[in-house]
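**Q** I'd like to ask some things about the structure below.
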Amino acid sequence: MSNSKKPAFPLLYDGEKAESFCNEGLTKREYIATNILQGLAANYLRETLTGWDSDTFVKEAIVLTDKLLIELDKEANSCL
């Protein structure tokens, strides 16, 4: 499984008094993209200066996320 598809905050529980469950939540890619999108959207001047619409903000967040994950995978592999 690639790093981007791994859960950002996995919750696994296998207790005696509760049924086993697994909640993987957002993937790392989804989590990073939402944070980048939040930063882009918070900078309202960027939209005014560049003419970006909401689709452009979303696409840019995904591009930046994928680039970050690629670099993080390179760093992780260099330690092996």
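In terms of this note's numbering, the sequence shown opens at residue 1 and continues consecutively.
Ideal placement from N, C-alpha and C gives every residue a C-beta, glycine not left out.
Because the structure is a prediction, the values reported are computed rather than measured.
By the three-class DSSP mapping on this structure, what secondary structure does Leu-11 have?
**A** Correct three-state label for Leu-11: strand.
**Q** Indicate the three-state DSSP secondary structure (helix, strand or coil) for Leu-64 in the structure shown.
**A** Three-state DSSP puts Leu-64 in a helix.
**Q** Given a cut-off of 8 Å, decide if Leu-69 and Ser-4 are closer than it, judged by their beta-carbon atoms.
**A** In this structure, Leu-69 lies closer than 8 Å to Ser-4 by Cβ.
**Q** Could you check which residue in Leu-11, Glu-24, Lys-67 has the C-alpha nearest to that of Ala-33?
**A** The option with the nearest alpha carbon to Ala-33 is Lys-67.
**Q** Assign Ala-61 to buried or exposed, taking buried as 16 or more other Cβ atoms, counted over all protein chains shown, within 10 Å of its Cβ.
**A** Looking at its Cβ environment, which holds 16 or more other Cβ atoms inside 10 Å, Ala-61 is buried.
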